[in-house]
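A.B. asks: As they're listed, the protein sequences go chains A and B.
Just so you know, we're using numbering that gives the first Met the number 0 here: the first sequence kicks off at 0 and counts up by one.
Just so you know, we're using numbering that gives the first Met the number 0 here: the second sequence kicks off at 0 and counts up by one.
I have a structure I would like to understand better, so I am pasting it below and will then ask my questions one at a time.
Protein chains: 2
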Amino acid sequence: MPASPIRRLAPHADEAKRRGVRVLHLNIGQPDLPTPREIADRLGEIRDRVLCYTPSTGTPEFLASVRAYYEKQQIPLGDAQVLATTGGSEALLFALMATCDPGDEVVVIEPFYTNYSAFAAMAGIRLVPVTSRGRDGFHLPPMHLWEAVVGERTRAVLICNPNNPTGTVYTQEELSEVAGFCRRHDLFLISDEVYREFAYDDRKPISALELEGMEDRVIVADSLSKRYNVCGIRLGMLITRNPAAAEAALRMAQGRLSAPGIAQQIALGAGDLDQAYFDEVVAEYRQRRDVLFEGLTAIPGVFLLQPEGAFYFIARLPVLDSDDFAAWLLSEFSFDGETVMVAPATGFYATPGLGRNEIRIAYVLETEALRRAIRILAEGLAAYRSARGLESIPLDEPSEKHRRAKVPGM
Amino acid sequence: MPASPIRRLAPHADEAKRRGVRVLHLNIGQPDLPTPREIADRLGEIRDRVLCYTPSTGTPEFLASVRAYYEKQQIPLGDAQVLATTGGSEALLFALMATCDPGDEVVVIEPFYTNYSAFAAMAGIRLVPVTSRGRDGFHLPPMHLWEAVVGERTRAVLICNPNNPTGTVYTQEELSEVAGFCRRHDLFLISDEVYREFAYDDRKPISALELEGMEDRVIVADSLSKRYNVCGIRLGMLITRNPAAAEAALRMAQGRLSAPGIAQQIALGAGDLDQAYFDEVVAEYRQRRDVLFEGLTAIPGVFLLQPEGAFYFIARLPVLDSDDFAAWLLSEFSFDGETVMVAPATGFYATPGLGRNEIRIAYVLETEALRRAIRILAEGLAAYRSARGLESIPLDEPSEKHRRAKVPGM
């Protein structure tokens, strides 16, 4: 099992707090927005005599609410095609285990959500990375790179759309290419779509469930966590129209008896939320993105293309070792009594050496705090380059040149 | 993945209900006793603005409450020795994955809790059974049978004490033998102790954590589900004093982010329960056991020794195929408009052919319903033997002869 790369920094953060330095956490995907009252208030309404096991598939009411949600997305689903899971995490674990035996391989686009490595280790499978590049806005790499890694033991492709950690939203054209690749090599497509609502500038994320000719190949991992700011209730869902994959996932679900029951009860409150709820949440994140993008790209040597979705992005910095920089920010630096905790990007790559001049930022603080974070990063970068003798590293490729450039399909 | 053997009968139960027959469920371990108000009422007191992720280890408050509970059992635990899990199920999965690689083997006493097979399949490991016998009250088989199955790939022993499905409580003498076996072959001991409170006739179950010289080898899977009638909240814990196993489990826990947060909050209410709560619950189960034991052993050809703990037992019946009998009870039989759903014991054995004349009964109904269930089983057995032409099978070994006999260490 790999250790969590983000959590390696935790002792440094504790140290900063002991020194009286306030730490702005841009390192974790815990949204700060409130859980809607429509959901949270239901906690007080639970009158069950026994908090008993729920069906392994999920309660009929919760499953119906999931189907209703997907129906609104123009994605009709049958009864046996939805399984309640303990967060999107369990949906991903079940998806990998349903499609692979130990020793099998799954193609994944790096950088990718760190915990894919944990699920892969638990399933005994090997993640085979294809690298996406910051200069392309982390859009999907060209097909010849995918073809180069596919082998006899390849069973599936795993994508995340909108993407954590890059904030990229894949286009119809890109997803069609992925679908063709899966059909060509007889692979499942596991699609992590937990950030579906979070897309900016009129982008509408396309679900893998909408891809033609892929009905039998797609497994979607979804979650209520980010959509409704209920990360702690641990409720997600696995969705597939492949009966064998659904059956395999169901057997695993039966093994662990049931997904959290209280969560399934209060989740029904999501049915009382209208589009205005999502509009407001998305507007807030878009504003944060704008603040960060403008602010960070104005720092010499910082590069990123405009993030398109989710609430993360990867930025290139004028450093040689972002693990060292992130630790330094916590243990050696502060500005006006504050510092910033960021996630070094190395943990999001499977290929050794990649991501050493990149960090991932999660924009889960309000804009005022984000403006302070930008200032801290600007001051911190200058001080760090001086402290580490990095002034000779050129601040090339200023991000202004690349803004909105080279992004396919946009 | 194996299909759940109990759930195979579900369509027959649905069919019975459609015919207007009331089904008494003795097949599943969902206690009917109420969740204590001390726990359930806390749902209405949650005022969190965000239902956010909790620490992967568990909340400090919940972990402290677990340590306090174990302290009362004279088992002191350190901070890093307790991990909150999503039910005992996840604790078992983590324990298997922390100790084994795919292809490794774990010695398990059959009959065993069906879902061990699911967790083993997910972990890619092989369960190697040693058979316990009804005539011995399902106490542990002699050591030479254990020695015969241990091999190069054996990594751990998995026991459940008090036992589901047999209701057996292992003695100090037996557990010492298991400890010696583990030390001799350098194995972990994974001990499922979710029924710890449920022991009758002044038995006090011994935790594997109390075994001397085993501090570094024991991993306990525990759960609040049965102890406090909160099966649906999905909250358990993994406990080990082995730092490497704790670290491996922690990494898996970090991968899935956190155990259910609301569950950890309301679980603190258990601290408000005194010994009277357990006394009352245990007295209720003991009475049910007495009713069932007296009633069933009076049926010709039914055999079991007096169950010692948990709220299950395995009974031998004068039939050749308990799967067929269980299905027949649901689809062909009723008595006064009712029938009984029992779990055929075949699903609790790994060795093919074993358990075909046994059923598992969970006593999760009140005594009045249990008395009716006994009558239904008595009438059903006679009718079934007649319908299937089994009258020639002798009703030998009446249980009265064996009652309280041959049980080691008692």
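A virtual CB, placed ideally from N, CA and C, is assigned to each residue, including glycine.
#1: Is Ala262 (chain B) close to chain A? Criterion is C-beta to C-beta, closer than 8 angstroms.
#2: What are the residues of the stretch 223-251 of chain B that lie near chain A, defined by any Cβ-Cβ distance shorter than 7 angstroms?
#3: Expressed to the nearest angstrom, what Euclidean distance is found between the alpha-carbon atoms of Arg355 (chain B) and Asp322 (chain B)?
#4: Between the Cα of Gly308 (chain B) and those of B:Ala372, B:Ile358, B:Cys159, B:Glu293, spot the shortest distance and give me the residue it belongs to.
#5: CA-CA distance, Gln80 (chain B) and Glu337 (chain B)?
#6: Less than 8 angstroms between the CB atoms is what I'm expecting for Ser224 (chain B) and Gly254 (chain A), so what's the real figure, rounded?
#7: Answer yes if the stretch 228-244 of chain B comes into contact with the stretch 258-265 of chain A, meaning at least three C-beta pairs across the two stretches below 8 angstroms, and no otherwise.
#8: Quick one: what's got a C-beta closer than 6 angstroms to Val168 (chain A)'s C-beta in the same chain, skipping five residues either side?
#9: So that I know if they touch, is there some Cβ in chain A lying closer than 8 angstroms to that of Thr366 (chain B)?
#10: If the cut-off is 9 angstroms on Cβ atoms, which residues from the stretch 34-60 of chain B count as contacting chain A, listed in chain order?
#11: Mind checking if Ser385 (chain A) is an interface residue toward chain B, Cβ cutoff 8 angstroms exclusive?
#12: Name the two residues that bound the continuous alpha helix (DSSP H) containing Val280 (chain A).
#13: Going by C-alpha distance, which of B:Tyr227, B:Arg387, B:Leu188 is nearest Glu214 (chain B)?
#14: Any chance you could list the beta strand (DSSP E) runs of at least 3 consecutive residues sitting entirely within the stretch 302-331 of chain A, in chain order?
#15: Is it true that the CB of Arg125 (chain B) sits closer than 8 angstroms to the CB of Glu146 (chain B)?
#16: May I ask you to list, following chain order, the residues of the stretch 95-118 of chain A that have a beta carbon less than 7 angstroms from some beta carbon of chain B?
#17: Can you tell me which of A:Tyr383, A:Phe93, A:Ile238, A:Val22 puts its alpha carbon nearest to the alpha carbon of Leu316 (chain A)?
#18: Using the three-state DSSP reduction, which class does Leu380 (chain B) fall into: helix, strand or coil?
#19: With respect to the beta strand (DSSP E) encompassing Thr130 (chain B), which residues constitute its N-terminal and C-terminal limits?
#20: Taking DSSP as the reference, what is the three-state secondary structure of Thr366 (chain B)?
#21: Please compile the residues from chain A whose C-beta is within a distance smaller than 8 angstroms of the C-beta of Ser88 (chain B).
#22: Check the C-beta distance from Ala119 (chain A) over to Leu95 (chain A) and give it rounded, since I have them as a contact under 8 angstroms.
#23: Enumerate, from N- to C-terminal direction, the unbroken beta strand (DSSP E) stretches of 3 or more residues contained entirely within the stretch 217-247 of chain A.
#24: Residues of chain A with a CB under 7 angstroms from the CB of Pro317 (chain B): which are they?
#25: Pick helix, strand or coil for Glu60 (chain B), following the three-state DSSP scheme.
#26: Using a Cβ cut-off of 8 angstroms, pull out every chain B residue sitting near Phe340 (chain A), in sequence order please.
#27: Ala9 (chain B): buried (16+ other C-beta within 10 angstroms of its C-beta) or exposed?
#28: Just the chain B side, please: which residues come within less than 7 angstroms of Gly123 (chain A) by C-beta, in chain order?
#29: In the DSSP assignment, the alpha helix (DSSP H) including Glu211 (chain B) goes from what residue to what residue?
#30: Can you tell me whether DSSP reads Pro204 (chain A) as helix, strand or coil?
#31: Can you give the Cα-Cα distance for Ile375 (chain B) and Met340 (chain B), rounded to whole angstroms?
#32: Mind pulling the chain B residues with CB within less than 7 angstroms of Gln29 (chain A)?
#33: With a 10 Å radius around its C-beta and 16 neighbouring C-beta atoms as the bar for buried, classify Gln264 (chain A) as buried or exposed.
#34: Pick out whichever of B:Arg288, B:Ala297, B:Leu295 has its Cα sitting closest to the Cα of Val363 (chain B).
#35: Identify every residue that forms a DSSP beta bridge with Ser116 (chain B).
#36: Say whether chain A places a C-beta atom closer than 8 angstroms to the C-beta of Pro343 (chain B).
C.D. replies: So, from the data block:
#1: Within the second sequence, the letter at position 263 stands for residue 262 (chain B). Interface residue, yes.
#2: Answer in chain order: Asn228, Val229, Cys230, Gly231, Ile232, Arg233, Ala247, Arg250, Met251.
#3: What you label residue 355 (chain B) is simply residue 356 of the second sequence in a count that begins at 1. What you label residue 322 (chain B) is simply residue 323 of the second sequence in a count that begins at 1. Their Cα atoms are separated by approximately 7 angstroms.
#4: Within the second sequence, the letter at position 309 stands for residue 308 (chain B). Out of B:Ala372, B:Ile358, B:Cys159, B:Glu293, B:Cys159 has the C-alpha closest to the C-alpha of Gly308 (chain B).
#5: The count along the second sequence starts at 1 and reaches residue 80 (chain B) at position 81. The count along the second sequence starts at 1 and reaches residue 337 (chain B) at position 338. When rounded, the distance between both Cα atoms is 48 angstroms.
#6: If you number the second sequence from 1, residue 224 (chain B) lands on position 225. If you number the first sequence from 1, residue 254 (chain A) lands on position 255. Contact between Ser224 (chain B) and Gly254 (chain A) fails: their C-beta atoms lie close to 15 angstroms from each other, not under 8 angstroms.
#7: As far as the Cβ criterion goes, the stretch 258-265 of chain A touches the stretch 228-244 of chain B, which means the pair count is three or higher.
#8: Looking up residue 168 (chain A) in the first sequence gives position 169. Excluding the 5 residues flanking it on each side, Val168 (chain A) has same chain C-beta neighbours closer than 6 angstroms at Pro161, Ala198, Arg202, Pro204, Glu307, Gly308, in chain order.
#9: One-based indexing of the second sequence puts residue 366 (chain B) at position 367. No, no contact with chain A.
#10: Answer in chain order: Thr34, Ile38, Ala39, Leu42, Gly43, Glu44, Ile45, Arg46, Asp47, Arg48, Val49, Leu50, Cys51, Tyr52, Thr53, Ser55.
#11: To locate residue 385 (chain A), count along the first sequence from 1; it is residue 386. With 8 angstroms as the cut-off, Ser385 (chain A) does not count as an interface residue toward chain B.
#12: Locating residue 280 (chain A) in the first sequence gives position 281, counting from the first residue. Counting along the chain, the alpha helix (DSSP H) containing Val280 (chain A) begins and ends at 274-296.
#13: Position 215 of the second sequence, counting from 1, holds the residue named residue 214 (chain B). Nearest C-alpha to Glu214 (chain B): B:Leu188.
#14: Fully enclosed beta strand (DSSP E) runs of 3 or longer: 311-315.
#15: For the purposes of this step, residue 146 (chain B) is taken as residue 147 along the second sequence, with counting starting at 1. For the purposes of this step, residue 125 (chain B) is taken as residue 126 along the second sequence, with counting starting at 1. Against a cut-off of 8 angstroms, the Cβ pair of Arg125 (chain B) and Glu146 (chain B) comes out as no contact.
#16: For the stretch 95-118 of chain A, the set of positions with a beta-carbon nearer than 7 angstroms to some beta-carbon of chain B reads Met96, Pro101, Asn114, Ala117, Phe118 in chain order.
#17: Here residue 316 (chain A) corresponds to residue number 317 of the first sequence, with the count starting at 1. If we check each option's Cα against that of Leu316 (chain A), A:Tyr383 comes out closest.
#18: As a working mapping, residue 380 (chain B) is identified with position 381 in the second sequence. In the structure shown, the three-state DSSP call for Leu380 (chain B) is helix.
#19: On the second sequence, position 131 is the one that residue 130 (chain B) refers to. Here the beta strand (DSSP E) through Thr130 (chain B) covers 125-130.
#20: Numbered from 1 along the second sequence, position 367 holds the residue referred to as residue 366 (chain B). Three-state result, Thr366 (chain B): helix.
#21: Taking the second sequence and counting its residues from 1, one reaches residue 88 (chain B) at position 89. The contacting residues are Gly254, Arg255, Leu256.
#22: Within the first sequence, the letter at position 120 stands for residue 119 (chain A). Within the first sequence, the letter at position 96 stands for residue 95 (chain A). Sure, about 7 angstroms apart at Cβ, within 8 angstroms.
#23: Correct list: 217-222, 235-239.
#24: Here residue 317 (chain B) refers to the residue found at position 318 of the second sequence. Ordered by position in chain A, no residue passes the 7 angstroms Cβ test against Pro317 (chain B), which lies about 31 angstroms from the chain.
#25: Position 61 of the second sequence, counting from 1, holds the residue named residue 60 (chain B). Glu60 (chain B) falls in the helix class under three-state DSSP.
#26: For this step, residue 340 (chain A) is matched to residue 341 along the first sequence. A quick correction: the sequence has Met, not Phe, at residue 340 (chain A). Counting only Cβ-Cβ distances below 8 angstroms, Met340 (chain A) has no contacts in chain B at all, with the closest Cβ about 15 angstroms away.
#27: Residue numbering aside, residue 9 (chain B) sits at position 10 when the second sequence is read from its first letter. The residue in question, Ala9 (chain B), is exposed, as its Cβ has fewer than 16 Cβ neighbours within 10 Å.
#28: If you number the first sequence from 1, residue 123 (chain A) lands on position 124. Gly123 (chain A) reaches chain B at Pro101, Gly123, counting residues in chain order whose Cβ is nearer than 7 angstroms.
#29: Numbered from its first residue, the second sequence carries residue 211 (chain B) at position 212. No alpha helix (DSSP H) holds Glu211 (chain B); DSSP gives it neither H nor E.
#30: One-based indexing of the first sequence puts residue 204 (chain A) at position 205. Shown here, Pro204 (chain A) sits in coil according to DSSP, grouped into three states, outside any helix or strand.
#31: To locate residue 375 (chain B), count along the second sequence from 1; it is residue 376. To locate residue 340 (chain B), count along the second sequence from 1; it is residue 341. Going from the Cα of Ile375 (chain B) to the Cα of Met340 (chain B) covers about 10 angstroms.
#32: The sequence position of residue 29 (chain A) within the first sequence is 30, counting from 1. Close to Gln29 (chain A), with beta-carbon spacing below 7 angstroms, are these residues of chain B in chain order: Cys51, Tyr52.
#33: Numbered from its first residue, the first sequence carries residue 264 (chain A) at position 265. Its Cβ being crowded by 16 or more others within 10 Å, Gln264 (chain A) is buried.
#34: Here residue 363 (chain B) refers to the residue found at position 364 when the second sequence is read from its first residue. It is B:Arg288 whose Cα lies nearest to the Cα of Val363 (chain B).
#35: In the second sequence, the residue the question calls residue 116 (chain B) occupies position 117. The partner list for Ser116 (chain B) (beta bridge, DSSP) is empty, contrary to what the question assumes.
#36: One-based indexing of the second sequence puts residue 343 (chain B) at position 344. Taking 8 angstroms as the CB threshold, Pro343 (chain B) stays off the interface with chain A.
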